[in-house]
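Presented below is the structure to which this report refers.
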């Protein structure tokens, strides 16, 4: 099958070689290593020989169970209730640490809900992994659309012929140039619970009515705080890509729209947006991938806490591989993350395909 | 081939003739600390001048990345000859085959504080020039104002007295927090500083007889009682939690925001400079004795060292009282022997920090001496942070136990019999 790729194209291959070589050496090869290691019990540091364990690491990580807790009853069969009239349930540890239920040993409670008088508890053999997965997905679901929209808004604002517009372009782009570690450190001060900038500002704006909040110390606000900061940090980068897309749209189209008497919204809806289609696909995929790789902010700002509210998959992969010296566990997370990102990217490609 | 042989013969002859010394490499964790580097470089140059067989060369690393550097170097087969190792980490490196037992004169270490000797598998692998200790920082005026008895080593505060002291401090309204525990430093500080509270309640991180399980040690009655007490400290607002600002933590006691602070002796000199009537109180006794953590940075020899005699000679040389005293005067650490302590400003009889020497001698207990400690330390840190943030005490301790046990299993018992 002779094609453009193979026919007298040595120069082309030679040019591609450095790129391909680096990608193969640092991305493709390590991925196969990770997959291989995830089937063993490889430790970071150990005199013991590495053993092949099959899919055990995946079982230990993905294992789930559902148990139903019956309320405690007294001798007459009446449900025991506390002062508030709520039924009392046995602790989950009576199941997970009992010899009667070996299938649940080593599991912990992930979440639970009540149905009628009973409580359903979802047990996971690796609760932290599932929390990290849920946080990562939530992060992607919120950051991808919001960041893309904010970046488009900024791109539209700076895509005007005004005096000094370059100053604004530089300003919006600045956070991208600063190292994410430095940005994270600065935002830790901004979010500080006692006298952080954000609390001072909110206190000032509300004439002292706002008491101050420990943004990173509260499980309810820690992840949203990191989302807001991450969106702000990378928005400039995507703004520049949107801007490049905007400038490829031919001015004649806008002139035609003006002649037709189109409103501002109609100009955007029927000229700008269709012209940005390919840019939108690119940005969506890039943001999704970047958001899945969330690590530095967590490492610098929260270490996964409080109460696992900011655990993410990449942070857990590193934490397990180096902190807990469990290279096989870290590799297993990496493989799962790879499959997840691959699936989502393929779905995105399919959803945004050129329809005939 | 012949030529090559000749060259190497010439090299050997040259080496012998010029009395060139064999180079011994050494890694140290104190990069960025000028005082520490100066003292170490002083020892090294004294050693190099004192004999003609060996030259020691030092490379310093920042403490935060030191352990990672050693592990990476070990995996790549590039370990230095003499390495500096944190006491509780040593069994992990010895078990992994990175280190070899020391062969130094035992007479030299007879009087050393127990926390400065790193034993694994019945052999001495590392020895420290100093130990560190933790104490409850307080002001004399605070005790008087709140009408509290001054605890002593013989008669420390009981758990109730300690809580009564915190209540008194809180109710006085003079302090932002009654107690500061340094919760912002989520590293080795957690097990080092907080395991003693668990021990004092009668619990333990792992079963210290077999090192094979943690069930009942960490999540038994004593462990749960400790966990509930721990959670209460934060729920009732006695102490700032994990999101404490590092700057507030450093300045808080000095500025009078905290009535008491659980802090290491390495901050003692700086605190004394600003707080005239600071006193260092022993750990409270919650029923099972009062403890502090022992074991700080120590010197050992790597397994791959081609000249262990030279490395051991250097370590023997460094164990002299004058160097122990120099480190103590320079960075405020506890000298390893009482004769060295007598030579120091702070630890000599009646010196302002002499109490730390006694604390270390009487109360210090080593963290679990097992290769698995490096992992258990991280698990304990996470559990303590989670409980402080309001996680269910029993479930959290259970999860920590499960994690510790599955790690021990994955490592085939870490070589304990």
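Residue numbers (my numbering), protein chains in the order written: chain V, 6 to 361; chain Z, 102 to 518.
For glycine and all other residues, C-beta sits at the position ideal for the given N, C-alpha and C.
Note that the coordinates shown come from a computational prediction; the quantities given were computed from them, not determined experimentally.
Inset, instruction - Out of V:128, V:269, V:233, state which residue places its alpha-carbon closest to the alpha-carbon of residue 188 of chain V. - result: Residue 188 of chain V has its Cα closest to that of V:233, out of V:128, V:269, V:233.
Inset, instruction - Run the CB neighbour count on residue 145 of chain Z, radius 10 Å, all protein chains shown included, and call it buried at 16 or more, exposed below. - result: With 16 or more Cβ atoms within 10 Å of its Cβ, residue 145 of chain Z is classed as buried.
Legend entry - Contacts of residue 48 of chain V in chain Z (Cβ-Cβ under 7 Å): 512, listed in chain order.
Inset, instruction - Just the C-alpha distance for residue 116 of chain Z and residue 124 of chain Z, rounded to the nearest angstrom, thanks. - result: Note that residue 116 of chain Z scores a pLDDT of 41, beneath 50, so its modelled location is shaky and nothing firm can be said.
Inset, instruction - Report the option in Z:255, Z:280, Z:275 whose CA atom is closest to the CA atom of residue 263 of chain Z. - result: Of the candidates Z:255, Z:280, Z:275, the one whose C-alpha sits nearest the C-alpha of residue 263 of chain Z is Z:280.
Legend entry - Contact list for residue 221 of chain V against chain Z, beta-carbon separation under 8 Å: In chain order: 344.
Inset, instruction - Just list the alpha helix (DSSP H) runs in the stretch 203 to 270 of chain Z, keeping only unbroken ones of 4 residues or longer that don't cross its boundaries, in chain order. - result: Entirely contained in the stretch 203 to 270 of chain Z, the alpha helix (DSSP H) runs reaching 4 residues are, in chain order, 241 to 247.
Legend entry - Under 8 Å by beta carbon: chain Z residues contacting residue 321 of chain V: Per Cβ cutoff of 8 Å: no residues; residue 321 of chain V is ~12 Å from chain Z at best.
Legend entry - Within 8 Å, strictly: CB atoms of residue 347 of chain Z and residue 464 of chain Z: Cβ atoms of residue 347 of chain Z and residue 464 of chain Z: not closer than 8 Å.
Inset, instruction - Within 10 angstroms of the Cβ of residue 274 of chain V, are there 16 or more other Cβ atoms? Answer buried if so, exposed if not. - result: Exposed is the call here.
Inset, instruction - Give the straight-line distance between the Cα atoms of residue 513 of chain Z and residue 245 of chain V, rounded to the nearest whole angstrom. - result: For residue 513 of chain Z and residue 245 of chain V, the gap between their C-alpha atoms comes out near 54 Å.
Legend entry - Chain-ordered chain Z contacts of residue 97 of chain V [CB-CB under 8 Å]: By Cβ distance, chain Z contributes 496.
Legend entry - 8 Å contact criterion, which residue 129 of chain V and residue 113 of chain V should meet: CB distance rounded: Between residue 129 of chain V and residue 113 of chain V the beta-carbon gap is near 7 Å, inside 8 Å, which marks them as a contact.
Legend entry - Residue ranges of each alpha helix (DSSP H) within the stretch 405 to 481 of chain Z, 4 or longer: Entirely contained in the stretch 405 to 481 of chain Z, the alpha helix (DSSP H) runs reaching 4 residues are, in chain order, 409 to 419, 422 to 432, 439 to 444, 455 to 464.
Legend entry - Amino acids of chain V, ordered along the chain, whose beta-carbon sits closer than 7 Å to that of residue 479 of chain Z: By Cβ distance, chain V contributes 328, 329.
Legend entry - Exposure label - residue 362 of chain Z; buried when at least 16 CB within 10 Å: Residue 362 of chain Z counts as buried, since at least 16 other C-beta atoms from the protein chains shown sit within 10 angstroms of its C-beta.
Inset, instruction - Could you name the residues of the same chain whose beta carbon sits closer than 8 Å to that of residue 294 of chain V, not counting the 5 residues immediately before and after it, in chain order? - result: Result list for residue 294 of chain V: 346, 350, in chain order.
Inset, instruction - For residue 51 of chain V, go through chain Z and note every residue whose CB falls closer than 7 Å to its CB, in chain order. - result: Per Cβ cutoff of 7 Å: 197, 512.
Inset, instruction - Use the C-beta contact count for residue 110 of chain V: other C-beta atoms within 10 angstroms, 16 or more gives buried, fewer gives exposed. - result: In summary, residue 110 of chain V is exposed, with fewer than 16 beta-carbon neighbours lying within 10 Å of its beta-carbon over all protein chains present.
Inset, instruction - For residue 308 of chain V, go through chain Z and note every residue whose CB falls closer than 7 Å to its CB, in chain order. - result: Neighbours of residue 308 of chain V across chain Z, judged by C-beta separation under 7 Å: 287.
Legend entry - Beta-carbon contacts of residue 56 of chain V that lie in its chain and below 6 Å, excluding the five residues immediately before and after: Around residue 56 of chain V: 46.
Legend entry - Any beta strand (DSSP E) of 3 or more consecutive residues that is wholly inside the stretch 12 to 70 of chain V: Correct list: empty.
Inset, instruction - Just list the beta strand (DSSP E) runs in the stretch 120 to 193 of chain V, keeping only unbroken ones of 3 residues or longer that don't cross its boundaries, in chain order. - result: The stretch 120 to 193 of chain V contains these whole beta strand (DSSP E) runs: 123 to 129.
Inset, instruction - Establish whether the CB of residue 490 of chain Z and some CB of chain V are separated by less than 8 Å. - result: Closer than 8 Å to some Cβ of chain V, the Cβ of residue 490 of chain Z qualifies, so yes.
Legend entry - Residues in the stretch 113 to 145 of chain V having any Cβ partner in chain Z nearer than 8 Å: Cβ contacts with chain Z come from 113, 114, 132.
Inset, instruction - For chain Z, find out if any of its Cβ atoms is closer than 8 Å to the Cβ of residue 64 of chain V; answer yes or no. - result: Chain Z, which has no Cβ nearer than 8 Å to the Cβ of residue 64 of chain V, makes this no.
Inset, instruction - Take every Cβ of the stretch 79 to 97 of chain V, pair it with every Cβ of the stretch 134 to 149 of chain V, and state whether three or more of those distances are shorter than 8 Å. - result: They do not touch, by the three-pair rule.
Legend entry - Assumed close pair residue 401 of chain Z, residue 191 of chain Z - CB separation to whole angstroms, cut-off 8 Å: Residue 191 of chain Z and residue 401 of chain Z do touch by the CB rule: their CB atoms are close to 7 Å apart, below 8 Å.
Inset, instruction - Can you grab the Cα-Cα spacing for the pair residue 221 of chain V / residue 307 of chain V, in whole Å? - result: For residue 221 of chain V and residue 307 of chain V, the distance between alpha carbons rounds to 7 Å.
Legend entry - For residue 163 of chain V and residue 170 of chain V, the rounded distance between their alpha carbons: A straight line joining the alpha-carbon of residue 170 of chain V with that of residue 163 of chain V spans about 6 Å.
Legend entry - Three-state secondary structure (DSSP) of residue 345 of chain Z: Under the three-state reduction of DSSP output, residue 345 of chain Z falls in the coil class, being neither helix nor strand.
Legend entry - Three-state secondary structure (DSSP) of residue 293 of chain V: DSSP places residue 293 of chain V in helix when its eight states are reduced to three.
Legend entry - Spatial neighbours of residue 375 of chain V in its chain, beta-carbon cut-off 6 Å, leaving aside the 5 residues before and after: Past the edges of chain V, shown from 6 to 361, lies residue 375 of chain V, and the structure says nothing about it.
Legend entry - N-terminal and C-terminal residue of the alpha helix (DSSP H) that residue 134 of chain Z is part of: Looking at the DSSP string, residue 134 of chain Z is not in any alpha helix (DSSP H), and its letter there is neither H nor E.
Inset, instruction - Pick helix, strand or coil for residue 188 of chain Z, following the three-state DSSP scheme. - result: Residue state, collapsed to three classes: helix.
Inset, instruction - Verify the CB distance criterion: does residue 275 of chain Z have a CB-CB separation below 8 Å to chain V? - result: The C-beta of residue 275 of chain Z comes no closer than 8 Å to any C-beta of chain V.
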